[in-house]
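Asker:
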Amino acid sequence: MIINWVTSGQVMARVVRNTRLSDDTYLEDIPDWIGEAILKLKTRYSLQLNCVDLPVNMCQVKMPCGIEGLAAVLYEGKRILPSVSDGPLISSGNAQGTTSFDNAYHSILYAPCTPHNLDETSVNNWPEYVKSSSLVEKCEVHPSIRYRVNYNKLEIGANYGTVTLYYWSIPKDDLGFPMIPDHEDYKTAIYWYVRSMMIGAGYPDRVFNFQYCDQKWEILANRAINDINYPTVDEVEESLILNNRLVDIGTGWSEFFSVASEGNYDNFR
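Position one of the sequence shown corresponds to residue 57 (the working numbering), numbered consecutively onward.
1. With distances taken from CA atoms, which of 256, 89, 77 and 116 is nearest residue 245?
2. Helix, strand or coil for residue 220, going by three-state DSSP, please let me know.
3. Alpha carbons only, please: which of 122, 279 and 132 is nearest the one belonging to residue 243?
4. What three-state label does DSSP hand residue 257 in the structure shown?
5. Alpha carbon to alpha carbon, what distance is there between residue 261 and residue 254?
6. Counting Cβ pairs closer than 8 angstroms, one from the stretch 228 to 237 and one from the stretch 107 to 118, do we hit at least three?
7. For residue 73, which three-state DSSP category applies?
8. Determine which residues share a DSSP beta bridge with residue 113 and list them.
9. Consult DSSP for residue 294 and reduce its assignment to one of helix, strand or coil.
10. CB residue 68 to CB residue 216, shorter than 9 angstroms?
11. Let me make sure I understand the geometry here. Which of 212, 223, 293 and 80 has the alpha-carbon closest to that of residue 138?
12. Drop a sphere of 10 angstroms on the beta-carbon of residue 207, count the other beta-carbons inside from all chains shown, and report buried for 16 or more, exposed for fewer.
13. Using DSSP bridges, identify the partner residues of residue 206.
14. I need the straight-line Cα distance from residue 166 to residue 195, nearest angstrom please.
15. DSSP puts residue 108 in a beta bridge; with which residues?
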């Protein structure tokens, strides 16, 4: 279980310190290589909720970099729902949203929420969902304007103005570096990945070659993934309780085992 997180800028500082790097062209590429390594390490994040005011220019809004999903879009203090078609994004009538979308980024706050249609088993990042929901669910839905995602831009039915965008992204530090687990094998694995990429890009490493750095990356990456995914004692205990029920009392599928008391699995031995 991951408890502590640190900035991945620590890895960049380690690379610069150990290689005595002074070429700015490599410094510009290191953040990208760190991002590649994080993806290869299969890091699972609880996304961070962000809020930003963005200008509307000819019906388009450029979305921020690093966006993983939309929480809500507000215009003139009213919530805009996503369009369900390729037609006009503004109408004189009272357009209604539906649950059918084909956009890469869509809002899960497209309709008023009730306690019966979403719960903590429906949304992966439930605390952040509750936070974003409480911010915008009291906002009145705009009667005529809708939005549509087109590549990295948000198209809305308004020529100019300001859009308030609530969105989820990977947590980052003040300098824009992604946060990573405070795990020494994890950080060292990224270090060796970055160093191997530097050699592959032409950096004249006078100590190590590409094969050595790549081998160190492979070893430490597998070790880091295993350590981080290794369950705690409490997680194993909970798994045993849930997987050793001998009699189905009829509520498991509907309540996700959250209503009936499980008891101690030792009683069934």
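Positions of the beta carbon are idealized from the N, C-alpha and C atoms, including for glycine. Computed from a predicted model, the values in this text were never measured in an experiment.
Answerer: In terms of the structure at hand:
1. If you number the sequence shown from 1, residue 245 lands on position 189. Out of 256, 89, 77 and 116, 89 has the C-alpha closest to the C-alpha of residue 245.
2. Counting from one through the sequence shown, the residue named residue 220 turns up at place 164. Residue 220: strand per DSSP, three-state reduction.
3. Here residue 243 is taken as the residue at index 187 of the sequence shown, counted from 1. Residue 279 is the option with its Cα nearest to residue 243.
4. In the sequence shown, residue 257 corresponds to position 201, counting from 1. Three-state result, residue 257: coil.
5. Counted from its first residue, the sequence shown places residue 254 at position 198. Counted from its first residue, the sequence shown places residue 261 at position 205. Looking at the two C-alpha atoms, the distance is approximately 8 angstroms.
6. Not touching, per the Cβ criterion.
7. In the sequence shown, residue 73 corresponds to position 17, counting from 1. Helix.
8. The residue you call residue 113 lines up with position 57 of the sequence shown. In DSSP, residue 113 forms a bridge with 116 and 216.
9. For the purposes of this step, residue 294 is taken as residue 238 along the sequence shown, with counting starting at 1. Residue state, collapsed to three classes: helix.
10. Sequence index remark: in the sequence shown, residue 68 carries index 12 (1-based). Sequence index remark: in the sequence shown, residue 216 carries index 160 (1-based). The answer is no: Cβ separation not under 9 angstroms.
11. Within the sequence shown, the letter at position 82 stands for residue 138. The option with the nearest alpha carbon to residue 138 is 212.
12. Stepping through the sequence shown from its first residue, residue 207 is reached at position 151. Looking at its Cβ environment, which holds fewer than 16 other Cβ atoms inside 10 Å, residue 207 is exposed.
13. Residue numbering aside, residue 206 sits at position 150 when the sequence shown is read from its first letter. Residue pairing by DSSP puts residue 206 in a beta bridge opposite 209.
14. The count along the sequence shown starts at 1 and reaches residue 166 at position 110. The count along the sequence shown starts at 1 and reaches residue 195 at position 139. Because residue 166 carries a pLDDT of 39, less than 50, the predicted location of this residue cannot be relied on, and no value is offered for it.
15. Taking the sequence shown and counting its residues from 1, the one referred to as residue 108 is at position 52. Answer is 221.
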